Amino acid sequence: MDRMTGEQGRGGWARGCTSVVLVAVGLVCVLAFGALWQIHHALDRTPPDVRPFAHSSAVRTADETAARTSSARLRKLTSALPWAVPLGTSVADSCQTEDENPFLGRAHWAPINCVRRSVLYLAFDGDIRTRLHQLDTVLADQEWALRGPSPRTLTDMATWLSQAGGDPSPAAEQRGSTEPPGSRPICLDTAYGPATQPHDARKGGLGVGLQVAVAQSPCTPRAETGDIQFDGTPEKSTSDGTVYLDWRPLSTAAMSRRAYTAHRYVTALSLVDRYAVQSTATPSP
Numbered sequence: 058m059d060r061m062t063g064e065q066g067r068g069g070w071a072r073g074c075t076s077v078v079l080v081a082v083g084l085v086c087v088l089a090f091g092a093l094w095q096i097h098h099a100l101d102r103t104p105p106d107v108r109p110f111a112h113s114s115a116v117r118t119a120d121e122t123a124a125r126t127s128s129a130r131l132r133k134l135t136s137a138l139p140w141a142v143p144l145g146t147s148v149a150d151s152c153q154t155e156d157e158n159p160f161l162g163r164a165h166w167a168p169i170n171c172v173r174r175s176v177l178y179l180a181f182d183g184d185i186r187t188r189l190h191q192l193d194t195v196l197a198d199q200e201w202a203l204r205g206p207s208p209r210t211l212t213d214m215a216t217w218l219s220q221a222g223g224d225p226s227p228a229a230e231q232r233g234s235t236e237p238p239g240s241r242p243i244c245l246d247t248a249y250g251p252a253t254q255p256h257d258a259r260k261g262g263l264g265v266g267l268q269v270a271v272a273q274s275p276c277t278p279r280a281e282t283g284d285i286q287f288d289g290t291p292e293k294s295t296s297d298g299t300v301y302l303d304w305r306p307l308s309t310a311a312m313s314r315r316a317y318t319a320h321r322y323v324t325a326l327s328l329v330d331r332y333a334v335q336s337t338a339t340p341s342p
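Take 58 as the starting number for the sequence shown in the numbering used here and just add one per residue.
Here it is, written out as structure tokens:
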């Protein structure tokens with residue numbers, strides 16, 4: 058009897074140990090699964106689907122308005138510059154979001170924003186100071202106000218270019234220049250916004266901006282094309298969370314080369330219209 062009792066005791070102890078081990082293993086599995094899930098959650102950078110917002114009726118209406126107003130603004134500028142030869146206009150219209158926490162932890166996707174970028178390319182000749190003054194006058198007459206941390210008109214930038222040997226930046230002004238005046242080709246750009254628009258309206262919200270770039274060979278003017286042109290051939294952005302609604306690309310480098318075969322200068326007028334922004338940010342699911 059004592060022997061049977063001992064064996065039963067040992068069996069109960071073994072079963073108890075087995076139960077403890079199973080509970081411990083289960084707990085470890087749960088913890089491991091939770092850790093793996095958190096790692097997967099942190100590494101999962103799948104953006105929300107931008108298409109429903111981009112193709113909504115409200116965004117389509119805003120997009121149509123942006124297309125009309127952008128075309129009208131560029132036509133108005135072109136008509137006021139009869140000495141400039143139009144080369145073409147590119148369009149990149151897209152809606153996108155981006156991860157505001159790209160390194161550690163959960164992804165946090167910014168509100169979707171839709172932007173229409175239209176770039177008008179023009180070529181011209183003549184005295185550069187006269188042309189820049191005319192361009193500055195037209196921009197002022199059409200109520201485009203200078204923007205940026207150190208706003209300067211194109212004429213002012215060209216004046217500094219001739220005095221300091223080609224670098225109109227504030228840093229160059231402080232350090233001086235050892236190059237002879239006018240030794241570098243014209244390569245200028247400056248930013249504008251509607252005079253009636255608050256200065257910081259485009260920071261994360263709706264608003265219009267205009268970048269004006271003027272260049273002379275071999276310089277290529279800066280242009281906000283809304284696509285990728287690393288090798289000179291335009292390509293759509295491959296960033297996750299980007300949907301194109303309209304894309305009619307032109308290569309800025311190719312347009313410049315074309316202009317320089319017959320003209321001395323080229324200008325790129327980049328009109329950027331942020332016409333729709335989602336009301337709230339979107340966390341990863």
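Glycine included, C-beta positions come from ideal geometry on N, C-alpha and C. Since the structure is predicted, the reported quantities are computational estimates derived from the model, not experimental observations.
Proximity below 8 Å, CB of residue i to CB of residue j
{"i": "Thr216", "j": "Asp193", "result": "no"}
{"i": "Gly183", "j": "Trp140", "result": "yes"}
{"i": "Thr282", "j": "Val172", "result": "no"}
{"i": "Val269", "j": "Val329", "result": "no"}
{"i": "Ala119", "j": "Tyr332", "result": "yes"}
{"i": "Leu263", "j": "Leu131", "result": "no"}
{"i": "Thr299", "j": "Ser151", "result": "yes"}
{"i": "Leu144", "j": "Ala316", "result": "yes"}
{"i": "Asp297", "j": "Pro104", "result": "yes"}
{"i": "Ser294", "j": "Asp303", "result": "no"}
{"i": "Ala280", "j": "Tyr322", "result": "no"}
{"i": "Glu155", "j": "Ala167", "result": "yes"}
Residue i classed as buried or exposed, judged by whether at least 16 other C-beta atoms fall within 10 angstroms
{"i": "Pro278", "result": "buried"}
{"i": "Thr210", "result": "buried"}
{"i": "Ser336", "result": "exposed"}
{"i": "Gln95", "result": "Any reading at Gln95 is ruled out, since the residue's pLDDT is 44, under 50, leaving its predicted position unreliable."}
{"i": "Ser313", "result": "buried"}
{"i": "Pro237", "result": "Confidence at Pro237 is low in this model, with a pLDDT of 42, below 50, so its placement is unreliable and the value that follows should be read with caution. The residue in question, Pro237, is exposed, as its Cβ has fewer than 16 Cβ neighbours within 10 Å."}
{"i": "Arg188", "result": "buried"}
{"i": "Phe181", "result": "buried"}
{"i": "Ser114", "result": "exposed"}
{"i": "Ala252", "result": "exposed"}
{"i": "Pro227", "result": "Any reading at Pro227 is ruled out, since the residue's pLDDT is 42, under 50, leaving its predicted position unreliable."}
{"i": "Gln231", "result": "Low confidence applies to Gln231: its pLDDT is 39, below 50, so where it sits in the model is not reliable, and the reading given next is rough at best. It is exposed - the Cβ of Gln231 has fewer than 16 other Cβ atoms within 10 Å."}
{"i": "Val334", "result": "buried"}
Endpoints, beta strand (DSSP E) assigned at residue i
{"i": "Ala129", "result": "Unbroken run through Ala129 is the alpha helix (DSSP H), 114 to 136; no beta strand (DSSP E)."}
{"i": "Ala272", "result": "264 to 273"}
{"i": "Phe181", "result": "170 to 181"}
{"i": "Pro251", "result": "244 to 251"}
{"i": "Asp330", "result": "322 to 334"}
{"i": "Asp284", "result": "Taken as a continuous stretch (DSSP letters only), Asp284 belongs to no beta strand (DSSP E), as it is neither H nor E."}
{"i": "Arg305", "result": "299 to 305"}
{"i": "Cys152", "result": "142 to 153"}
{"i": "Arg204", "result": "201 to 204"}
For residue j and residue i, believed in contact at Cβ under 8 Å, the rounded distance
{"i": "Ile243", "j": "Ile185", "result": "6 Å"}
{"i": "Asn158", "j": "Ala164", "result": "6 Å"}
{"i": "Pro195", "j": "Leu134", "result": "Rather than Pro, the amino acid found at residue 195 in this sequence is Val. Indeed, because the Cβ distance is near 7 Å, the residues count as touching under 8 Å."}
{"i": "Leu179", "j": "Thr324", "result": "5 Å"}
{"i": "Thr290", "j": "Ser274", "result": "Thr290 to Ser274, Cβ: 20 Å. No contact."}
Span of the alpha helix (DSSP H), counted from its first residue to its last, around residue i
{"i": "Val195", "result": "185 to 198"}
{"i": "Thr309", "result": "309 to 317"}
{"i": "Ala111", "result": "108 to 111"}
Cβ of residue i within 8 Å of any chain C Cβ
{"i": "Pro143", "result": "Absent from the structure is chain C; it holds one protein chain and no more."}
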